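> Here the working numbering = 1-based position in the sequence shown + 1.
A virtual CB, placed ideally from N, CA and C, is assigned to each residue, including glycine.
Model, not experiment: these values are computed from the prediction.
Dumping the structure here so I can ask a few things about it.
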Amino acid sequence: MINFTRMITAIDAHTAGEPLRIITSGLPPIKGNTILEKRKFMLKNYDDIRKMLMLEPRGHSGMYGCIITPPVTSDGDFGVLFTHNEGLSTMCGHGIIAVTKVAIEVGMLKCTEGINVVKIDSPAGRIVAYANIQNDKVQKISFENVPSFVYAENIKVNVEGIGEVTADIAYGGAFYVYIDAQKIGLTVDPKHIEKLVKIGMEIKYKVMDAMDVVHPIERGIKGIYGTIITGPLNIKGDTIESNNVCIFADGQIDRSPTGTGTAGRVALLYKKGVMKKGMTLINKSIIDTIFEGKINDFTSISNLDAVIPEVSGNAFITGFNQLVLDPDDPIPEGFRIIGG
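In structure tokens form, the structure reads like this:
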């Protein structure tokens, strides 16, 4: 006789190679008047469900997820909570691209030919996505991100076996440490992935130990989400080409160029005087998939100069799932052995 403790429905997709498991039904009510409150409630009360959905045997170390919630604003289309192997993030660019496309393609949102505006409530704030539909198919998703800014420049980090290196901290919906791969004697290449993960995590935790990184306005957004290791810049006219890899959460490797990381990188390149409005960053991942980043506008956050970045990419549905939990399952929260 079948008797499940939980039955959760999900749609699986990927954006530039990075997975997104979108939870559509089966979760208990997530309380909170804001998305940050819902995020806190989810972490406190249902983290066992996150582990069940993200970790093995139902997921894997590189799994990423999205819980769709009702909007918390009067004009929002829906809210989102993003999950990974360590917890819940404050924003996720590849997730925004994927959940927007999925919501349209499965009929959750009514859209027409041309550019469609989708208003999403995220823990980092309002995200506006633009879905370009041509011939009844979503061809491209762009989103205007939250104000992105450089939090700290030229910080010093002592890396084991290398010595002191210089890095920067930027925010694009989450805080990242950015470091040039050449400074750690590597290139952004899959053959170096074990070293990239090890050094990326070492830098993340050493910076967190040395600094309290807190958003100047949204005090609930704090800490370093990951380390982004960047390749060289190739500038041709109004185009900047580069690659990077994001090591985030607990050693998780982003297969995509990282949406929030691309936004933070746009802010960093602007602060360094490399990027101007009207230019496009072609940001490649460690598997050579692409996000495009550009500057839509300028603003300020507290006393920090900020940009309003736009990030573009595409996503694809990979499956439809019903994930269940047998009450006799000896590992109801799943497990994780190693790796991203």
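Going by DSSP, what residues sit across from Ile283 in a beta bridge?
Answer by DSSP bridge pairing, in chain order: Glu242 and Glu293.
> Is the CB-CB distance between Ala125 and Gly88 below 7 Å?
For Ala125 and Gly88, no; Cβs fall outside 7 Å.
> Would you list, in sequence order, the uninterrupted alpha helix (DSSP H) runs of no fewer than 4 residues that lie entirely inside the stretch 194–242?
Taking only runs of at least 4 residues, the alpha helix (DSSP H) segments lying wholly in the stretch 194–242 are 194–211.
> Near Tyr226, which residues of its chain fall below 7 Å by C-beta distance, leaving aside the five closest residues on each side in sequence?
Closer than 7 Å at the Cβ level, and outside the excluded window around Tyr226, lie Ser90, Ala175, Phe176, Tyr177 and Phe249.
> Considering only the beta carbon of each residue, do Glu154 and Gly335 sit closer than 7 Å?
Against a cut-off of 7 Å, the Cβ pair of Gly335 and Glu154 comes out as no contact.
> Using only CA atoms, which one of Asp239, Ile12, Val189 and Ile142 lies nearest to Thr25?
The option with the nearest alpha carbon to Thr25 is Ile12.
> Quick one: which unbroken beta strand (DSSP E) runs of 3-plus residues sit fully inside the stretch 147–190? Chain order, please.
The stretch 147–190 contains these whole beta strand (DSSP E) runs: 149–160, 164–172 and 176–181.
> Do you know offhand how far Gly66's Cα is from Gln140's?
The straight-line gap from Cα to Cα measures roughly 22 Å.
> Closest to Asn284 by C-alpha separation, out of Met92, Ile332 and Ile230, would be which residue?
Closest option to Asn284, Cα to Cα, is Ile230.
> Within its chain, find whatever has a CB closer than 8 Å to the CB of Tyr47; leave out the 5 residues flanking it on each side and keep chain order.
Excluding residues within five positions, the ones whose Cβ falls inside 8 Å are Leu28, Pro29 and Ile31.
> Just the C-alpha distance for Asp1 and Val73, rounded to the nearest angstrom, thanks.
Because the chain in this structure spans residues 2 to 341, residue 1 falls outside the shown range and cannot be described.
> Can you grab the Cα-Cα spacing for the pair Met202 / Asp330, in whole Å?
For Met202 and Asp330, the distance between alpha carbons rounds to 32 Å.
> When you compare only the Cα positions, how much space is there between Met53 and Asn235?
Computed Cα separation, rounded: 42 Å.
> Using DSSP with H/G/I as helix, E/B as strand and the rest coil, what is Asn117?
It is a strand residue.
> By DSSP, does Ala11 sit in helix, in strand, or in coil?
Strand.
> Ignoring anything shorter than 4 residues, give me the alpha helix (DSSP H) runs that lie fully in the stretch 46–132, in order along the chain.
Entirely contained in the stretch 46–132, the alpha helix (DSSP H) runs reaching 4 residues are, in chain order, 48–55 and 94–106.
> Anyone know if the C-beta pair for Ser143 and Ala268 falls short of 7 Å?
No.
> Nearest by alpha-carbon distance to Phe299: which of Ala307, Glu293 and Phe292 is it?
The shortest Cα separation from Phe299 among Ala307, Glu293 and Phe292 belongs to Ala307.
> At the level of alpha carbons, what is the spacing between Thr101 and Ala130?
When rounded, the distance between both Cα atoms is 7 Å.
> Going by DSSP, name the residue or residues bridged to Ala307.
In DSSP, Ala307 forms a bridge with Phe150 and Thr300.
> May I ask which residues mark the beginning and end of the beta strand (DSSP E) holding Ala316?
Here the beta strand (DSSP E) through Ala316 covers Ala316 to Leu326.
> According to DSSP, is Val364 part of a helix, a strand, or is it coil?
An answer regarding residue 364 cannot be provided, because it is not within the stretch 2 to 341 covered by the chain.
> First and last residue of the beta strand (DSSP E) that includes Arg256?
Counting along the chain, Arg256 falls outside any beta strand (DSSP E), and DSSP gives it neither H nor E.
> So does the stretch 33–52 actually touch the stretch 273–293, counting three or more Cβ pairs closer than 8 Å?
Taking 8 Å as the limit for Cβ pairs, the verdict is that the stretch 273–293 does not touch the stretch 33–52.
> Within the chosen definition, does the stretch 103–114 reach the stretch 254–271 through at least 3 CB pairs nearer than 8 Å?
No: fewer than three Cβ pairs fall under 8 Å.
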